[in-house]
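Chemist:
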Amino acid sequence: MLHGINVFRVVNPNNNSRSIYINDQFIGVNSDGGDNLLTLGVINNNEGYIDFRGNGYTEVRASGIKTPVLTQTSLEKYKKNFEKLDNETALNIVLNTDIYEYNLKSENDDTKKHLGFVIGDKYNYSKAITSIENDGVNNYSMTSASYGAIQRLYSIIQDLQKEIKELKGEQ
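Start counting the sequence shown at 3; every next residue gets the next number (the numbering used here).
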């Protein structure tokens, strides 16, 4: 059941378990008499939200997004202009990006701190892992650079292990 007082309700004439509700708090689309499948509204602190339910639960609010799975487009058919990133370049991106603990200006100082880099003239970060507008992080790019850096470090470790064995006279 939807919260608040229903101001308007439209029921599918072919399936009365599907309906749309509009009230003083939100618009909701309901199916099979269960939970809302889609809700668009305003919560108590006047923060807008969108909730999606089905095989999981995703909510989008000004304060953040909660979802069980976030999949970014990675199929070849959606991409072009491929250039392989050298793992040494990926390692340099990671090594030259400073990570900070911080609070958002909208949070109290005693709120649990976030971890991440800071975009600004006096901070070390790479535009390779920021958004197109350079005003946020591109998590997929950051993860990919980290993955390349790990591959490079693994290669260095393998070379060092081989050299150690040679110095010890082991085969």
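Don't be surprised by glycine CBs; every beta carbon is placed ideally from N, CA and C.
Between the alpha carbons of L4 and R55, how many angstroms are there, rounded?
Modeler: Counted from its first residue, the sequence shown places residue 4 at position 2. Counted from its first residue, the sequence shown places residue 55 at position 53. Bear in mind that the predicted position of L4 carries a pLDDT of just 46, short of 50, making it too unreliable to give a figure here.
Chemist: Compare the C-alpha of L155 against each of L106, Y51, L97, T113 and name the closest.
Modeler: As a working note, residue 155 is residue 153 in the sequence shown. Selected option, being the one with the closest Cα: L97.
Chemist: Could you tell me whether the Cβ atoms of T73 and T60 are closer together than 7 Å?
Modeler: Position 71 of the sequence shown, counting from 1, holds the residue named residue 73. Position 58 of the sequence shown, counting from 1, holds the residue named residue 60. No; because the gap between Cβ atoms is not below 7 Å, this pair is not in contact.
Chemist: Within this structure, are the beta carbons of A130 and I95 separated by less than 7 Å?
Modeler: The residue you call residue 130 lines up with position 128 of the sequence shown. The residue you call residue 95 lines up with position 93 of the sequence shown. Going by C-beta atoms, A130 is nearer than 7 Å to I95.
Chemist: Under DSSP, the beta strand (DSSP E) around E103 begins and ends at which residues?
Modeler: For the purposes of this step, residue 103 is taken as the residue at position 101 of the sequence shown. Residues 102-104.
Chemist: When DSSP labels each residue in this structure, what does I158 get in the three-state scheme?
Modeler: Reading the sequence shown from its first residue, position 156 is the one you call residue 158. Three-state DSSP puts I158 in a helix.
Chemist: What separation, rounded to the nearest whole angstrom, lies between the Cα atoms of S108 and L93?
Modeler: In the sequence shown, the residue the question calls residue 108 occupies position 106. In the sequence shown, the residue the question calls residue 93 occupies position 91. Their backbone Cα atoms lie some 33 Å apart in a straight line.
Chemist: For the alpha helix (DSSP H) containing N94, name the first residue and the last one.
Modeler: If you number the sequence shown from 1, residue 94 lands on position 92. Residues 89-97.
Chemist: Taking G30 as the reference, give the member of R11, N48, N18, N46 with the closest Cα.
Modeler: Here residue 30 corresponds to residue number 28 of the sequence shown, with the count starting at 1. G30 has its Cα closest to that of R11, out of R11, N48, N18, N46.
Chemist: Under three-state DSSP, which class holds I166?
Modeler: As a first step, residue 166 must be located in the sequence shown, where it is residue number 164. In the structure shown, I166 sits in a helix (DSSP, three-state: H, G or I).
Chemist: Give the list of continuous beta strand (DSSP E) stretches no shorter than 3 residues that lie fully inside the segment 22-46.
Modeler: Here the runs fully enclosed are 28-32, 38-44.
Chemist: Assuming G58 is part of the beta strand (DSSP E), what are its boundary residues?
Modeler: Taking the first residue of the sequence shown as 1, we reach residue 58 at position 56. It is not in any beta strand (DSSP E) - G58 carries neither H nor E in the DSSP assignment.
Chemist: Using CA coordinates, which residue listed in N110, I101, N57, S146 is at the minimum distance from Y127?
Modeler: Here the question's residue 127 lines up with position 125 in the sequence shown. If we check each option's Cα against that of Y127, I101 comes out closest.
Chemist: Apart from the five residues on each side of it in sequence, which residues of its chain come closer than 6 Å, Cβ to Cβ, to D137?
Modeler: Against the sequence shown, residue 137 aligns to sequence position 135. Hits under 6 Å: none found.
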